[in-house]
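Only one structure is covered here, and it is reproduced in the block below.
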Amino acid sequence: MKSFDRAALTAILAEGARNLSLTLSEAQLTRLIDYLALMLKWNSVYNLTAVRDPVQMVTQHLLDSLAAVSAFDGAQNVLDVGAGGGLPGIVLAIWAAEAQPAMRISMIDTVHKKTAFLTQVKAELNLTNVNVYTARVEQWNAPQKFDVITSRAFAELSDFITWSQHLLADDGTFIALKGVAPDAEVARLPAGWKVTEVRALHVPTLQAERHLVFIKREKP
275 MKSFDRAALT
285 AILAEGARNL
295 SLTLSEAQLT
305 RLIDYLALML
315 KWNSVYNLTA
325 VRDPVQMVTQ
335 HLLDSLAAVS
345 AFDGAQNVLD
355 VGAGGGLPGI
365 VLAIWAAEAQ
375 PAMRISMIDT
385 VHKKTAFLTQ
395 VKAELNLTNV
405 NVYTARVEQW
415 NAPQKFDVIT
425 SRAFAELSDF
435 ITWSQHLLAD
445 DGTFIALKGV
455 APDAEVARLP
465 AGWKVTEVRA
475 LHVPTLQAER
485 HLVFIKREKP
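All you need for the working numbering is the position in the sequence shown, starting with 1, plus 274.
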């Protein structure tokens, strides 16, 4: 299905969410499909994703990000580094608007085209829990520290931590979205940091490994 069949895509998304034990409202499903439509529309000019088939986008983008949202339960102030087209940040924001109303999600990327897209998504979907920044994360000073910093397909773990550690609250957590378990990257973590958990994820209809890596400061 190359054409954008909203009803069919919504059904696939709803079924996938049920398989993830997530309850999504009609409003959340609508917003997620609206986001997908915007990504497809902008993709021809801005090259946000190599995935072009809307059905594959539901699995590889929406469900892939939704599989991780429960890990953010209770977070108040989240930063998505190298946010790109908004994965997982926009998906997290759509989920959190109803499931975790106190959560705020900031997204940062160096590429202005991508942050322009994210700003447009924020406006069109009325995501009042989102802030978008165009900057290099290692040079950026945030208004306040974050209790969770996340990334998906951004950089090796050591670089991710080195570049953004000044933005993490003292007792905060890095949550990295990875494919196969990154054992070699874990072995190269900077001094003073430790992996507290590597959690395998199951993404419905996706035949690929997915893992969340949780990293915290070592206690002195």
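Ideal placement from N, C-alpha and C gives every residue a C-beta, glycine not left out.
When the Cα atoms are used, what is the spatial distance from residue i to residue j?
{"i": "Val319", "j": "Pro494", "result": "49 Å"}
{"i": "Lys388", "j": "Ala461", "result": "32 Å"}
{"i": "Glu483", "j": "Ala342", "result": "13 Å"}
{"i": "Leu441", "j": "Gly466", "result": "16 Å"}
{"i": "Ala370", "j": "Arg378", "result": "8 Å"}
{"i": "Ile489", "j": "Gly356", "result": "18 Å"}
{"i": "Asp525", "j": "Pro362", "result": "The chain is shown from 275 up to 494; residue 525 falls before or after that span and cannot be answered."}
{"i": "Gly453", "j": "Ala324", "result": "17 Å"}
{"i": "Gln394", "j": "Asn403", "result": "14 Å"}
{"i": "Ala301", "j": "Leu283", "result": "15 Å"}
{"i": "Arg373", "j": "Ala345", "result": "The sequence given here has Ala at residue 373, not Arg. Going by the C-alpha atoms only, they are around 13 Å apart."}
{"i": "Pro456", "j": "Glu471", "result": "12 Å"}
{"i": "Ala285", "j": "Met313", "result": "19 Å"}
{"i": "Val385", "j": "Leu296", "result": "32 Å"}
{"i": "Thr408", "j": "Ala390", "result": "9 Å"}
{"i": "Met275", "j": "Ala397", "result": "Per-residue confidence for Met275 stands at a pLDDT of 45, beneath the threshold of 50, marking its modelled position as unreliable; no derived number is given."}
{"i": "Gly359", "j": "Leu322", "result": "5 Å"}
{"i": "Phe420", "j": "Asp444", "result": "9 Å"}
{"i": "Arg326", "j": "Ala416", "result": "34 Å"}
{"i": "Ile449", "j": "Asp383", "result": "17 Å"}
If residue i and residue j are in contact, beta carbons under 8 Å, what's the gap, nearest whole angstrom?
{"i": "Val254", "j": "Thr447", "result": "A query on residue 254 cannot be resolved here, the shown segment of the chain reaching from 275 to 494 and no further."}
{"i": "Leu306", "j": "Ile368", "result": "6 Å"}
{"i": "Leu392", "j": "Met381", "result": "6 Å"}
Which residues in the same chain have their Cβ closer than 8 Å to the Cβ of residue i, if we skip the five residues on either side of it in sequence?
{"i": "Ala288", "result": "Leu298, Leu303"}
{"i": "Gln418", "result": "Asn351"}
{"i": "Leu337", "result": "Leu287, Gly290, Ala291, Leu294, Val477, Pro478, Thr479, Leu480"}
{"i": "Val365", "result": "Leu306, Tyr309, His335, Leu336, Ser339, Leu340, Val343"}
{"i": "Leu463", "result": "Leu431, Ser432, Ile435, Val469, Ile489"}
{"i": "Ala349", "result": "Gln374, Met377, Asp421, Val422"}
{"i": "Asp347", "result": "Gln374"}
So, is residue i buried or exposed, given that buried needs 16 or more other C-beta atoms within 10 angstroms?
{"i": "Val487", "result": "buried"}
{"i": "Val332", "result": "buried"}
{"i": "Thr315", "result": "Reading the sequence as shown, one finds Lys at residue 315 and not Thr. Exposed is the call here."}
{"i": "Thr424", "result": "buried"}
{"i": "Pro328", "result": "buried"}
{"i": "Ser277", "result": "exposed"}
{"i": "Ala281", "result": "exposed"}
Grab me the residues of residue i's own chain with a C-beta within less than 6 Å of its C-beta, minus the 5 sequence neighbours each way, in chain order.
{"i": "Arg426", "result": "Leu361, Pro362, Leu451"}
{"i": "Glu492", "result": "Gly466, Lys468"}
{"i": "Glu459", "result": "Glu430, Leu431"}
{"i": "Leu401", "result": "Ala367"}
{"i": "His485", "result": "Lys452, Ala455, Val472, Ala474"}
Check whether chain B comes within 8 Å of residue i, counting only Cβ atoms and requiring the distance to be less than that.
{"i": "Leu441", "result": "Considering every chain present, this structure includes no chain B. It has just one protein chain."}
Please go through the same chain and pick out, in chain order, the residues whose beta-carbon is closer than 7 Å to the beta-carbon of residue i, but skip the five residues on each side of it.
{"i": "Phe428", "result": "Val355, Gly356, Phe434"}
Tell me whether residue i, by its Cβ, gets closer than 7 Å to a heavy atom of the ligand PLP.
{"i": "Gly360", "result": "Annotation note on the ligand PLP: not contained in the displayed structure, which lists no ligands."}
Does the pairing of the region 432-441 with the region 407-416 give three or more beta-carbon distances under 8 Å? yes
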